[in-house]
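A quick write-up on the structure given underneath.
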Amino acid sequence: MRNRILLWVVLLCCVFTSSLLAKPKECYDCHSKAKKTFESYKYSHAPVKSKDCLACHDSHGFAQKLTLKAYDNSLCKKCHPEFGEGYPPSTSKYVHQPLKDGVCWSCHEPHGSNLPGLTRVVGDTLVCFICHEDIGNLEKKAVRHEPFAQNQCSVCHSAHDSEFSGLLKKSQKELCAGCHNLSDKLYLAKHTAVGIDKIDCVTCHNPHATDKAGLIDPLAHAPMVEGNCESCHANLAAGDTTLSVSAGELCVTCHDDIGKKISMASAHPPAAGGECLSCHNGHKGKQASLLISTPGELCLGCHTEFADTLKLEGVHTAVRNGDCTSCHDAHGSPNAKLVKDATDNLCLGCHTEIKDILSTATVPHPAVESKGCLGCHKPHYSKKPPLLVDDEKAICLECHENIKEESKAEVVHTPFMSGQCGSCHNPHGSSKPNMLRAEAKPLCGRCHNDIILASSMPSTHPPAKDGECLSCHKPHSSKFPKLLSGTVSQNCADCHGDINGQLAVKNLHTPV
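Numbering (numbering that gives the first Met the number 0), first residue to last: 0 to 511.
Spelled out as structure tokens, the structure:
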């Protein structure tokens, strides 16, 4: 007995000793795939490099749930105190939005990256271009600024904060001078315009990419790019930057086509009043045509009544997209409300499917010809799709008063009762009688598929088989069940006239 107890004591001591001497389990013992990925990076986060996973993560044991010590940027600030209290410095007027939001990992990889600063890459896209998509799209341009072509945004921009707009590291001209010798003979030979020392390089050049040689920005005003500043500013040599004459007079000396438009019957007040600079920048625009903003934003600046309209569901696509100039001329037009063309022509320019219907319809809708598109539709927005001026039923009944009484019948066709005239009729025109969307059989079969299936059976009523639904049924309403045009016996007698004689016999089958 004593020997047995001694044996158990020895065994327990061995187990206890081996557990003390056993090597602790490391994170990579389980996360071997992660280790392989992390080791492939050119740049590693310091805790990853030192295998100090617990600097950021809590140990999770067998819970199979990876947890962080903190889920905001306070975790990053423990090692990067320069972004803690007192940040940003008072000299920084501009702070990168992700940093403001406290989401460091929106730009940085927490484990490692092949780019300096642990910069993220999403797929094949540099993280900068996930937010700045408009800049990323310039990668397809023919002429690209070298830092931009190499995805080296940090050559010019600060990643976190700056005293300069656009998070630039220096003023625009200082930044350019860091790579480009502004006292070079070749540079001076190309930049001879009076007053050129007063403007920044990006006034004429795009800092990222363009299709023009020398990174000339297509949004820059041509006279300025060509060095003809004095064509607008006559006294630049004396340091006077005022215009030679008023903007309205000056602009039309080159843009005589605009001069003609503002003398038309319908002229845009800012254009007619010579207020060109209320929409355009004389040197460089943010949009094509030297516009200071998008056309939609510019229009809303004065036409504020449309601001709430854009929040509605039934908004014309062009209006929602701010593409006002797809229908309206921004300067002038011979048509009312600055409309570029006759309304119907404008509508059909986009709605080509309607144009095709109108050109092929053998049964045109008279209202389309007499009232035009705006007889039934609103141009900007409506609570009644598709941009209708009223409920579909109400619009149809304005002209088709003769069918009002039909809605009072005992049996009414469901689409007719609910005002869905367009479910059977094409409101623009058709090649079928009564502007029907299709022949009776396929049209009725859209809802009454069981009847279509029955009509394919071996023994089928000929009118049903031939799709002559209207030989027995009325399309809108009836005083008889199933929208029949008469009693069952009356309907049958229309084709089977000899049945009346048979009905006069003395001994008659009860159902008949």
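Note that CB positions come from ideal geometry on N, CA and C, so glycine has one too.
{"query": "Assigned secondary structure, residue 20 (DSSP; H/G/I helix, E/B strand, else coil)", "result": "Because the pLDDT at residue 20 is just 48, under 50, the model does not fix this residue reliably, and the value given afterwards should be weighed accordingly. Reduced to three states, the DSSP call for residue 20 is helix."}
{"query": "Cβ-based neighbour list, residue 462, same chain, cut-off 7 Å, excluding 5 preceding and 5 following", "result": "470, 471"}
{"query": "Closest residue to residue 437 among 467, 479, 309 (Cα-Cα distance)", "result": "467"}
{"query": "Cβ-Cβ separation, residue 240 to residue 162 (assumed contact under 8 Å), whole Å", "result": "The Cβ separation is near 26 Å, so there is no contact."}
{"query": "Classification of residue 493 by the beta-carbon crowding that lies within 10 angstroms, buried from 16 upward", "result": "exposed"}
{"query": "Coarse secondary structure for residue 437, derived from DSSP in three states", "result": "coil"}
{"query": "Run of the alpha helix (DSSP H) containing residue 203, from where it starts to where it stops", "result": "No alpha helix (DSSP H) holds residue 203; DSSP gives it neither H nor E."}
{"query": "Per-residue DSSP class, three states only, for residue 86", "result": "coil"}
{"query": "Assigned exposure category for residue 489 - 16 Cβ within 10 Å defines buried", "result": "exposed"}
{"query": "Sequence-distant residues of its chain with Cβ nearer than 7 Å to residue 390 (five each side left out)", "result": "383, 418"}
{"query": "First through last residue of the alpha helix (DSSP H) which encompasses residue 344", "result": "342 to 349"}
{"query": "Residue 348 to residue 303 span [Cα, whole Å]", "result": "27 Å"}
{"query": "Inter-residue spacing [alpha-carbon to alpha-carbon] between residue 267 and residue 295", "result": "15 Å"}
{"query": "Beta-ladder partner(s) of residue 332, from DSSP", "result": "265"}
{"query": "Coil, strand or helix - residue 93 by DSSP", "result": "strand"}
{"query": "Residue span of the alpha helix (DSSP H) that contains residue 76, given as start and end", "result": "73 to 76"}
{"query": "Stretch-stretch touch, CB-based, cutoff 8 Å, three pairs: the segment 100 to 115 with the segment 162 to 182", "result": "no"}
{"query": "Classification of residue 14 by the beta-carbon crowding that lies within 10 angstroms, buried from 16 upward", "result": "Only weak support is given to the placement of residue 14: the predicted model assigns it a pLDDT of 49, under 50, and the value that follows is read from those uncertain coordinates. Exposed is the call here."}
{"query": "Residue(s) in a DSSP beta bridge with residue 363", "result": "428"}
{"query": "DSSP three-state assignment for residue 209, whether helix, strand or coil", "result": "strand"}
{"query": "Buried or exposed (CB count within 10 angstroms, at least 16 for buried), residue 63", "result": "exposed"}
{"query": "Residue range of the unbroken alpha helix (DSSP H) whose run includes residue 319", "result": "316 to 319"}
{"query": "Proximity to residue 119 [Cα-Cα], best of 133, 42, 408", "result": "42"}
{"query": "From 232, 74, 123, 379, residue whose alpha carbon lies closest to that of residue 311", "result": "379"}
{"query": "DSSP three-state assignment for residue 252, whether helix, strand or coil", "result": "helix"}
{"query": "Complete alpha helix (DSSP H) runs within the segment 159 to 189 (minimum length 4 residues, chain order)", "result": "171 to 176, 184 to 189"}
{"query": "Length of the line joining the Cα atoms of residue 403 and residue 393", "result": "10 Å"}
{"query": "Proximity to residue 169 [Cα-Cα], best of 93, 150, 196", "result": "93"}
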